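Notes to accompany the following structure.
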Amino acid sequence: MHNITLINGDGIGPEICDAVVKIIDASGLKINWDLQTAGEDVIEKEGTPLPKRILDSIRKNKIALKAPVTTPIGKGFRSVNVQLRKELDLYANLRPCKNLPNVKTRFDNVDIVVVRENTEDLYAGIERQVDEDTAESIKIITRKASERICKFAFDYALNNGRKEVCVVTKANIMKLSDGLFLKTYREVAEDYPQINTREILVDNLCMQLVQKPEQFDVLVLPNLYGDIVSDLCAGLIGGLGVAQGANIGKDFAVFEPVHGSAPDIKGQNKANPTALLLSAIEMLKYIGEFSYAVKIENALYETLKSGRCTVDLGGKLGTKEFADEIIKNLN
Ligand code: NAI
21 MHNITLINGD
31 GIGPEICDAV
41 VKIIDASGLK
51 INWDLQTAGE
61 DVIEKEGTPL
71 PKRILDSIRK
81 NKIALKAPVT
91 TPIGKGFRSV
101 NVQLRKELDL
111 YANLRPCKNL
121 PNVKTRFDNV
131 DIVVVRENTE
141 DLYAGIERQV
151 DEDTAESIKI
161 ITRKASERIC
171 KFAFDYALNN
181 GRKEVCVVTK
191 ANIMKLSDGL
201 FLKTYREVAE
211 DYPQINTREI
221 LVDNLCMQLV
231 QKPEQFDVLV
241 LPNLYGDIVS
251 DLCAGLIGGL
261 GVAQGANIGK
271 DFAVFEPVHG
281 SAPDIKGQNK
291 ANPTALLLSA
301 IEMLKYIGEF
311 SYAVKIENAL
321 YETLKSGRCT
331 VDLGGKLGTK
341 EFADEIIKNL
351 N
């Protein structure tokens, strides 16, 4: 029995969570879901969208599945997502991007895993106003953070049957900062002779991704390039409804879809649960439940092939009915 924190979020969060939990429970895998409400719905009662009980629960269970949470604009609350990453030191952002059956895109055979460093680079937030007409933002790259993210990428490749880890930088221009990331990658790569290496500049990568994306396997990038490239790759496989993600650290891991809380379709049984389900499938692989992960993945693929899916993917079903179809295909 696994103990997993379930943050059901707000907006469409509770609907897609119900669907995904129902599918996983129907697969036969025993999970003790530790439900933790978060976001807009708890602010009034608890004074914050991320009460301490949520962090306590993740610290206890180590693993969380998280639905999206609204970041209230102009109310002074920090983003729940950013806080979680900081508090739990979730230094790796993992974004597998793979074509799904019947989801129409420009390319077939996309199967890329983007590994983004989550803690430094221009996101360190060190900025200053030099004078009225000049602002400065400082890019921090350290050996420690570069080393652990490169190791993470190579370990992921090794444990998931991947062949290559390609490092993405602009080290020809930012010779010191991106240069350190690249140098560290080369050093780490020496410990993984089974995995092929490749180096590419981020501008060339973007052009190649929109021309021949099937040539890429695992990508490892500093924070800013990783942010941009992971959304580009999500676009390659069909966009928000199908883009999964995870934020992983040494001790804890939080699996969550890329999309937000979609307030425009909240409570209408229209939301596509696929991105959260794919995140959950990745979570099952992470905790070693490969056979259940594959069983649920196959059921999802069968259902998508049949075209019996949500409206955003060209089907006619609601969230609940789509989940029921997936459950029917579990075998
Ligand atoms: P969004 O991703 O919530 O919605 C953008 C568009 O995509 C909307 O038209 C929405 O209906 C559609 N969409 C998104 N997910 C869908 C799904 N599963 N099925 C069908 N359609 C879907 O982005 P938006 O509107 O910019 O953000 C809304 C809120 O979500 C904001 O408060 C934002 O801060 C928060 N957010 C939270 C994230 C998280 O918790 N990880 C990530 C991104 C945004």
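Using the numbering used here, you'd call the opening residue of the sequence shown number 21 and step up by one each time. Beta carbons are placed, not taken as given, at the ideal position from N, Cα and C, and that holds for glycine. Keep in mind it's a predicted model, so treat the numbers as computed, not measured.
Inter-residue spacing [alpha-carbon to alpha-carbon] between residue i and residue j
| i | j | result |
| --- | --- | --- |
| Arg73 | Asp153 | 44 Å |
| Lys315 | Ile160 | 42 Å |
| Lys118 | Lys290 | 23 Å |
| Lys203 | Ser197 | 10 Å |
| Gly338 | Ser326 | 15 Å |
| Thr323 | Leu333 | 12 Å |
| Trp53 | Ile78 | 11 Å |
| Asp251 | Val134 | 10 Å |
| Val142 | Ser157 | In the sequence as presented, Val is not what sits at residue 142; that position holds Leu. So the two alpha carbons sit approximately 7 Å from each other. |
Exposed unless 16 or more other CB atoms sit within 10 angstroms - verdict on residue i
| i | result |
| --- | --- |
| Phe310 | exposed |
| Val185 | buried |
| Pro116 | buried |
| Met303 | buried |
| Arg168 | buried |
Unbroken beta strand (DSSP E) run spanning residue i, endpoints
| i | result |
| --- | --- |
| Cys117 | 112-118 |
| Leu221 | 216-221 |
Those residues which DSSP pairs with residue i across a bridge
| i | result |
| --- | --- |
| His22 | Ile51 |
| Lys65 | Answer is none; Lys65 lacks a bridge partner. |
| Asp271 | Asp271 pairs with nothing; no bridge assigned. |
| Lys86 | Ile27 |
| Gln264 | Pro277 |
| Glu147 | Ser157 |
Assigned secondary structure, residue i (DSSP; H/G/I helix, E/B strand, else coil)
| i | result |
| --- | --- |
| Arg98 | coil |
| Asp237 | coil |
| Phe172 | helix |
| Thr57 | coil |
| Arg206 | helix |
| Gly259 | coil |
| Asn179 | helix |
| Glu157 | A small correction: the amino acid at residue 157 is Ser; Glu does not occupy that position in the sequence shown. Note: Ser157 maps to strand in three-state DSSP. |
| Val230 | coil |
| Thr162 | coil |
Span of the alpha helix (DSSP H), counted from its first residue to its last, around residue i
| i | result |
| --- | --- |
| Glu317 | 310-326 |
| Ala343 | 339-348 |
| Ile74 | 72-81 |
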